[in-house]
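Sequences listed follow chains P and D, in order.
Going letter by letter, the first sequence gives residues 0 to 669 in numbering that gives the first Met the number 0.
Going letter by letter, the second sequence gives residues 0 to 159 in numbering that gives the first Met the number 0.
Virtual Cβ for every residue (Gly too), placed ideally from N, Cα, C.
The structure presented is a predicted model; accordingly, all values stated were derived computationally and were not measured.
To start, the structure itself, in structure tokens.
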Amino acid sequence: MVLPDSMVAAPLVSDWLDFSQPGMVGIKTGKVEFGQGILTALTQIVAEELGVGFEKCFLVTASTGISPNESFTAGSLSVQDSGSALRVASATARAHAGTNSYWDIEKGVGWAIPANPDAILKNPSDYSLVGLSRNRIDLDAKLKGITHFIQDLRPDDLLYARILRPPNRGSTLVDLSLEKITLSTEIEKVVVDGSFVAVVAKDEYSAQSLVTKLAQVAIWNQTPAGMNNASLMNFLDSALAESKVLQEFGENKTELPHQASYSRPYLSHASIGTVTAVAQWIGEMIHIWTQSQGIYPLRADIARALSIDPQRIFITHVEGAGCYGHNGADDAAFDAVLIAKHFPGRPVLVTWSREDELGWAPYGPAMKVHLAAQVDDSGEITHWSHRVRGNGHSSRPSTLASPSMLAYSHIENGSAILPAGDPPQPRGGGTGRNAIPLYDFKNSLIVEERLSEMPIRTSALRALGAHLNVFAIESFLDELASRTNQDPLEFRLRHLSDPRGRDVLTKVAELSSWGKELPEGTGQGIGFARYKNKGAWCAVVAQVDVEEDVKVSHLWIAVDVGLVINPDGVRNQIEGGALQSLSWTLKEQVQFNDGAVTSNNWEDYPILRFSEVPLVQTEIISRPTTPALGAGEASIGPTAAAIANAVNRAINVRVRNMPLTVTNIMASVE
Amino acid sequence: MTHLSTTLDYMADFQIRVNNKVVDVDCDKNTPLLWVLRNHLNLTGTRFGCGTGLCGACTVLIDGTPIHSCDTPIWAIGNKSVQTVEYEENSTLQRIKSCMASEQAGQCGFCLSGIMMRATAHIDSLATLDRSSIADALDGHLCRCGAHNRIIEAIRQAGS
Ligand code: FES
Ligand code: FES
């Protein structure tokens, strides 16, 4: 066997496991927790493979220089990446220790021995921890309300900062008119660098009040250019793009008889907690506390932005609110660094306002998909063509040719953030994620067109391009099924030979009593995908009632994540993903006016409410002898498609543009 | 960097009762209770989510009634009693916490403090505790992780 990817740069047992506390096992992972339960699953894996008690294991806080560099925590790959590395490290340790104790070896020769990819792994049939539900190790502190989140850090001498953002994209600062402002204590200060403006105060209320006052007097040079709601579709259709063929085989026909286009707007990560960071300059060193999903890439990008040696930066990860992708976490870290520089020795905590968060964090890109197909007389799809357009799905730190933290585009010596790229195809791609259908079509042409102009900063949002690509594929399949008078489920099965795909589809049909009679105005719809075509298989049936608007009453979900580490954790992730997708699909849409985001509060950017939540039933098909696959993103695409298909069955209207609001439904009535 | 300073102006001394303890706070009289708790009293369990009464993350109890601490200034508290998620003597709240733990209700957990405070008042009001009454009571609370169904079930159990 080859070493797991994560171990190439961290090949020793001691890179992953810490036996320095007698009787205890410290787990070193480069992956970080943001609500997905990953630390609990990794602890189960280590405890199982080492044969020590679950309670004897603890997580070593992720920090640069201490934790293995596992780049970003993203793409539902934590169990695959970190999980397999920890498993190999633990199996190596167990084989190496034999009858000796891990801790005696630590005191003696130590654990700086190479991990052995061929170490014998425990047989899944002997598992006593993996495969059983386990309470999350992070939930207790969260329920007690004791210090836990990055927002709660209170080091000595702490100062609080808030940012004054420009009125729109493309504005530059002319004059802050500081003479019109009274700073009420000697702590209160305004930090200005180019068009980057921050306020520092002794508490957050004072800082926020000062920002409000400054906003009233500051003078900006505003360029009206930029995105408007009405210009979005035109932008998606006409912007310059880099085109790439993702799949091509069989006959390539230019004119296929069935055609349809689908879209989604820009979407916000919309965490409930706003992003926060703490920074402190101590002599030559900078210490940063951040909720970033990638502490090493962030360190490299901040070093690049400041033109300093990365070794001068030490980063500690602290959990924030759920982030669901690349939100403003890294931006906030750079903000804190820029501000704290003016207060040598003192830690400075920056929290974004709600308006900053919804108005300035990177967005999941707006996208458009054009599909075309030909169906033969027997009702079988013979030709399939898929063209997807949109901005890239990653502008994460250190992935672009220049720094990508927001403030870098505002400071004097910075520059505009370059158009987002996409994760490489082996990681699942971005724009083209799940553009290749899992179905067996004889002739196929799949093209990805990543836009090379970026008026609105975009980056990774849970599932990346899979949300729209799966929505489009699965909607179009239903359209074709209906035009040829076939049942949507049967239609899928006749084109799908993948056995595990067939199993989740069959299972979800059984759970939802697919095909049963439903009252007028009620409909069931189905959606399916294998995430990235190499992750988890997931099928969803949605049931909706459509009166004034769309109400989803039920979701049934069947999922296959291979070996299940923590069934309850998987269910929590799958259901959470489905409800988030429901929220995007029914309600969400970033709104613009001349380059300013106007949907920067919860009234203008509404998300799913408790009264709108459907009943959800999830069934996991367990495959203990197959590799464990991530669960966080698998339900996103199938849920979106299932809802649109259910709406169509309820009222016979095909809505191809998300969100499925009353306006978009009315516009779809033919 | 610009550096200006003037004398203190509208600072004042307040005495408020939080979690059954009387505490002194020296701050601007318009400071929202949220920042008094988080910045001055180090009670960081009450969360900032929006500052405008639209997400519920900052919910605390004042004389048993749930309010948004983000838009309640300290001057308005007077001698009323404030309870936050850290308070261990409220038996309804404790029961909710243990049901939340057994249901594993939450992912990132950021929304939970406010939700549990609202739920405490809802249970104590002796309302019917079915799915729709709980969902309606929580409708001003946002959860982005999609933990809603587990939260509703935990509250239902805590009240029965
Ligand atoms: S922070 Fe008070 S309601 Fe959102
Ligand atoms: S658990 Fe994350 S916001 Fe509710």
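For Met284 of chain P, the enclosing beta strand (DSSP E) stretches over residues 284-289. Listed by position along chain P, the residues whose Cβ is nearer than 7 Å to that of Cys144 of chain D are Gly34, Gly321, Gly575. Screening all residues for a C-beta within a distance smaller than 6 Å of any heavy atom in ligand 2 leaves P:Gly34, P:Ile271, P:Gly321, D:Gly105, D:Gln106, D:Cys107, D:Gly108, D:Phe109, D:Cys110, D:Cys142, D:Arg143, D:Cys144, D:Ala146, in chain order. Per DSSP, Glu509 of chain P is one residue of the alpha helix (DSSP H) stretching across 498-510.
Chain P places a beta carbon closer than 8 Å to that of Gly50 of chain D, counting this residue as a contact. Chain-ordered, the chain P residues with CB closer than 7 Å to the CB of Cys110 of chain D read Ile271.
With 16 or more other Cβ atoms inside 10 Å of its own Cβ, Arg432 of chain P counts as buried. Around Gln579 of chain P, the beta-carbon contacts reaching into chain D at under 8 Å are Arg143, Cys144, Gly145.
Think of a sphere of 7 Å around the beta carbon of Arg608 of chain P: the chain D residues whose beta carbon falls inside it are Asp138, in chain order. In this structure, Asn134 of chain P sits near Ala100 of chain D, with a CB-CB distance shorter than 8 Å. The beta carbon of Pro65 of chain D lies closer than 7 Å to those of Thr58, Met116, Arg117, Ala120 in the same chain, with the five residues before and after it left out. Leu40 of chain D and Gly50 of chain D have their C-alpha atoms roughly 18 Å apart.
Closer than 7 Å to some heavy atom of ligand 1: that describes the Cβ of Phe47 of chain D. As the crow flies, the alpha-carbon of Tyr126 of chain P is around 39 Å from that of Thr398 of chain P. Within the chosen limit of 7 Å, ligand 1 reaches the beta carbon of Gly55 of chain D through at least one heavy atom. The region 110-128 of chain P and the region 73-92 of chain P touch, with three or more beta-carbon pairs separated by less than 8 Å.
The beta-carbon separation of Ile620 of chain P and Pro566 of chain P, rounded to 11 Å, does not stay under the 8 Å limit for a contact. Look at the region 522-555 of chain P and you find these whole runs of beta strand (DSSP E), each 3 residues long or longer: 536-545. Relative to ligand 1, the nearest heavy atom lies less than 7 Å away from the CB of His67 of chain D. Ranked by Cα distance from Val191 of chain P, the first of P:Leu348, P:Leu337, P:Glu250 is P:Leu337. For Asn656 of chain P, the closest C-alpha among the options P:Gly321, P:Phe470, P:Val446 is that of P:Phe470. DSSP places Trp280 of chain P inside the beta strand (DSSP E), whose first and last residues are 275-281. Burial state of Ser124 of chain D is exposed, judged by a 10 Å Cβ sphere holding fewer than 16 other Cβ atoms.
Every alpha helix (DSSP H) stretch that sits fully inside the region 576-659 of chain P and reaches 4 residues is listed by chain position as 635-650. Separation of the CB atoms of Lys27 of chain P and Ser66 of chain P is rounded to 5 Å, and the pair is thereby assigned contact status at 8 Å.
If you ignore the 5 residues before and after Ala238 of chain P, its C-beta comes within less than 6 Å of the C-beta of Leu450, Glu452, all in its own chain and listed in chain order.
Annotation for Ser62 of chain P: Ile294, Phe313, Ile314, Thr315, His316 place their beta carbon closer than 8 Å to its own, counting only its chain and skipping 5 residues before and after.
Out of P:Val387, P:Ala96, P:Val31, P:Thr273, the CA that lies nearest to the CA of Val51 of chain P is found in P:Ala96.
At a cut-off of 8 Å between C-beta atoms, Pro31 of chain D counts as an interface residue with respect to chain P. For Phe248 of chain P, the uninterrupted beta strand (DSSP E) run begins and ends at 240-248, by DSSP.
Residues of the region 80-106 of chain P with a C-beta atom less than 9 Å from some C-beta of chain D do not occur.
With the criterion set as a beta carbon lying under 9 Å from some beta carbon of chain D, the members of the region 133-147 of chain P are Asn134, Arg135, Asp137, Leu138, Asp139, Ala140, Lys141, Leu142, Lys143, Gly144, Ile145, Thr146, His147, in sequence order.
In this structure, DSSP gives Gly113 of chain D a helical state, which the three-state scheme calls helix.
Under the three-state reduction of DSSP, Glu152 of chain D is assigned to helix. Three or more beta-carbon pairs drawn from the region 531-538 of chain P and the region 625-633 of chain P are found closer than 8 Å, and the two stretches are therefore classed as touching.
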